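Q: Structure below; questions to follow.
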Amino acid sequence: MPEASTMQKTEKNMIKERRQHERYRARDGAFAAISPNSFKLGQIINISRGGLAFQYIETQIEDFEKEESQIFLSSKGFYVRGLGFQQVSDRVIPSENPYSTLTMRQCAIKFENLTMDQMVNIDNYILHNTNQFTNN
């Protein structure tokens, strides 16, 4: 039976192999919003040519549109709209403040069915709205 440290290394390698694109840490002011009628809007944490992760404040308001199919990116001077995606995860971020009444969530998405123009727009967005490569 493999040792625990060997199993952890294998698990990390398996996760790493799934990612096809380098991820970059987003600068402050880089935002993502899901569908025009959703309340999921927040700061992008990291982004790649394959997808992104962003944080948003959970609301008790039900989204008008159950079928979330597009994501929009914006920042100073850049706007990318109508990107197809699949949600990979959406989890609660534990609060550092025990008195906070806000619930923060982190949503990870994978881009899908993009046109060549949309890929170029994502590349430009990454070029102008990220700081550096991230391992997170």
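Position one of the sequence shown corresponds to residue 1 (full-length UniProt numbering), numbered consecutively onward. We treat Cβ as the ideally placed atom computed from N, Cα and C, and that holds for glycine. On a predicted model such as this, the values are computed, not experimentally measured, just so you know.
1) Note the first and the last residue of the continuous alpha helix (DSSP H) segment covering Asp-90.
2) Kindly indicate which residue of Ile-47, Arg-91 and Gly-50 has the alpha-carbon position closest to the one of Thr-103.
3) Where does the unbroken alpha helix (DSSP H) through Asn-124 begin, and where does it stop?
4) Got a sec? Which residues, its chain only, sit under 7 Å from Ala-26 by beta carbon, not counting five neighbours each side?
5) For the beta strand (DSSP E) that contains Asn-37, what are its first and last residues?
A: So, from the data block:
1) No alpha helix (DSSP H) holds Asp-90; the beta strand (DSSP E) holding it covers 78-93.
2) Just measuring C-alpha positions, the residue of Ile-47, Arg-91 and Gly-50 sitting nearest Thr-103 is Arg-91.
3) First-last of the alpha helix (DSSP H) with Asn-124: 116-129.
4) Counting only Cβ-Cβ distances below 7 Å, and skipping sequence neighbours, we find Ile-44, Ile-45, Asn-46, Ile-47, Asn-129 and Thr-130.
5) Segment: none, Asn-37 is in no beta strand (DSSP E) and carries neither H nor E.
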